[in-house]
């Protein structure tokens, strides 16, 4: 029983960080209709930027974190202008392939600059483990979950109540109408990418703090696709709930079926969901018209 | 339109190589390829073999993605299925002209299974479904040790034709390019049958296609099956060519490589598959050669060249998507047009 609780708790906690990556993906999909296969690489680049700012330039962790957020926002701006704007209106396949191309560039760039070694970036959060009765929880995992949860709640409130958030939602649901109502949709698209980059960076820094920093970090985002499909691609809430569920399932599978199961369980879930309920738990069911 | 070419029957206009000039060029190309092993260097011959295998696989993906509009990220895994089938059957002494079709058919059967979600989902959902299928298949490659040899990989016996073992690049070259010719012509002809036209109808607007009487599920599954068949055969030939294989070869990057080849070459055209495969194989090679040249003067260069290959790869994909969405085929056509009207300008 204790074992079960421990696995589930760890799974839920790691699902919290996964929710951040999923949030980054869903932001872009909802906001611009682009399917971002580079989500893992954005996360990785963010983490490397943090590492560079903190270790190479010797900034204190918090300041380095802010600097890396700024840098990734700048990068997102460039990407939006150079790659995604010219491709707007193109079929989904083109945009998807463009993000795969971006992923390849970022991956290669990171390896060219930093090499394939694993680094340990300076911790952003305290590392002391926490005991819950007999269950031991690593401090970083709990801290990561707390940060993710705060950020996600912040985002939900931002989208619900702030004027900018409402404008972003309007652009997402109907760009043409939004433009006629005076919303600057180019700005909205830029802001969406910047926010997604920022969220990805937070996730990257958190994960690299607990798991170390190497180009393999980008692969951590792959199982997020399972969460996105499960939750419904265009639902923020769905992404979060589904991430927690996937985290739980992954952790239980790894605990009871061995570490190898972790590699395939998310994908089995994906195939199952796609056959049974393709629009996910919370996604919108689209009706196609001619 | 080329000047000075007249047709008296529709049939002659419908021919695959419909002008004398084209027929001459094809003859020259065939002659060049037939004699290539005799005059080329060893390096060039090996490159030609690898390119041939890539062309086979790209032809298949171009049918699935370019003609039928279904994104497949599991193409690399289908190559693996073909390769391991050939390895398994080859060890039991089955000759290559039996193993290769079986490899193709098995991959096609798996393609149908992977394509099943396309019944309910499309576009990006389908891409993610094939991504999931890719990971499941590569998991099987790694874990099903008794057939695939696990992580250590497996070896593939030489292909043999009536007791004569096809060993070395020299013999394999003819095997590969014989298949390339056959399957390229098959792909070109498929595109102008009912099936090929149904693919294009489904790609352009699937609901309209259904209303016009195209059976959506069958067509989509056919597209997956045929694409996977090409991949399976390509994988089998790959096995015969390399002689040994590990599961790492069939990574996600391989699938992406083929998608990139389809995009840079040109969606929905056989010429595009060929050009794309040649181009995508040569670019990293060229980069590597340049790096080798530069390594003498800058010793540190070699360590960043491999990652730079990835960067160039990404830049190529994005560059083609943004500036030349119809790929190298469009460039080729433009050059052709200049010559058609020469010395006049278009």
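Protein chains in written order, with my numbering: chain A, -3 to 286; chain B, -4 to 341. Just so it is clear, CB atoms sit at the ideal spot from N, CA and C, and this is done for glycine as well.
Secondary structure of residue i, DSSP reduced to three states
i	result
residue 269/A	helix
residue 155/B	strand
residue 209/A	strand
residue 149/B	strand
residue 240/B	strand
residue 172/B	helix
residue 2/B	coil
residue 115/A	strand
residue 9/B	coil
residue 216/B	helix
residue 321/B	coil
residue 79/A	helix
residue 74/B	helix
residue 331/B	helix
residue 364/B	Outside the shown range of chain B, which is -4 to 341, sits residue 364/B, and nothing can be said about it.
residue 116/B	coil
residue 261/B	coil
residue 111/B	helix
residue 275/A	coil
residue 180/B	helix
Given residue i as reference, the closest of the options once Cα atoms are compared
i	options	result
residue 57/B	223/B, 100/B and 30/B	223/B
residue 103/A	144/A, 35/A and 119/A	35/A
residue 109/A	206/A, 251/A, 45/A and 231/A	45/A
residue 306/B	95/A, 142/A and 182/A	95/A
residue 145/A	-3/A, 1/A and 14/A	14/A
residue 65/B	257/B, 319/B, 92/B and 287/B	257/B
residue 231/B	220/B, 74/B and 324/B	74/B
residue 60/A	73/A, 16/A and 42/A	42/A
residue 276/B	304/B, 266/B and 262/B	304/B
residue 201/B	156/B, 95/B, 37/B and 118/B	118/B
residue 281/B	267/B, 262/B and 308/B	308/B
residue 184/A	17/A, 76/A and 53/A	76/A
residue 182/B	135/B, 104/B and 265/B	265/B
residue 263/A	211/B, 126/B and 219/B	126/B
residue 220/B	0/B, 86/B and 113/B	113/B
residue 326/B	210/B, 267/B and 157/B	267/B
C-beta atoms of residue i and residue j nearer than 7 Å
i	j	result
residue 35/B	residue 128/B	no
residue 115/B	residue 87/A	no
residue 250/A	residue 238/A	no
residue 245/B	residue 71/B	yes
residue 189/A	residue 67/A	no
residue 322/B	residue 259/B	yes
residue 175/A	residue 166/A	no
residue 32/B	residue 168/B	yes
residue 235/A	residue 20/A	no
residue 105/B	residue 94/B	no
residue 67/B	residue 59/B	yes
residue 213/B	residue 197/B	no
residue 151/B	residue 226/B	no
residue 194/A	residue 16/A	no
Whole-angstrom C-beta distance between residue j and residue i, which should lie under 8 Å
i	j	result
residue 246/A	residue 232/A	So it is not a contact: roughly 21 Å between Cβ atoms.
residue 310/B	residue 101/A	6 Å
residue 31/A	residue 92/A	5 Å
residue 134/A	residue 57/A	Rounded, the Cβ-Cβ distance is 18 Å, inconsistent with contact.
residue 133/B	residue 242/B	6 Å
Rounded straight-line distance, which links the Cα of residue j to that of residue i
i	j	result
residue 102/B	residue 339/B	50 Å
residue 46/B	residue 243/A	42 Å
residue 62/A	residue 208/B	58 Å
residue 137/A	residue 180/B	57 Å
residue 312/B	residue 216/A	24 Å
residue 277/A	residue 270/B	43 Å
residue 20/B	residue 253/B	27 Å
residue 171/A	residue 248/B	34 Å
residue 164/B	residue 41/B	6 Å
residue 26/B	residue 255/B	29 Å
residue 248/A	residue 177/A	49 Å
residue 9/A	residue 70/A	30 Å
residue 164/A	residue 204/A	30 Å
residue 250/B	residue 52/B	10 Å
residue 213/A	residue 289/B	31 Å
residue 141/B	residue 267/A	26 Å
residue 228/B	residue 22/B	26 Å
residue 18/B	residue 286/B	39 Å
residue 18/A	residue 5/B	56 Å
residue 335/B	residue 324/B	16 Å
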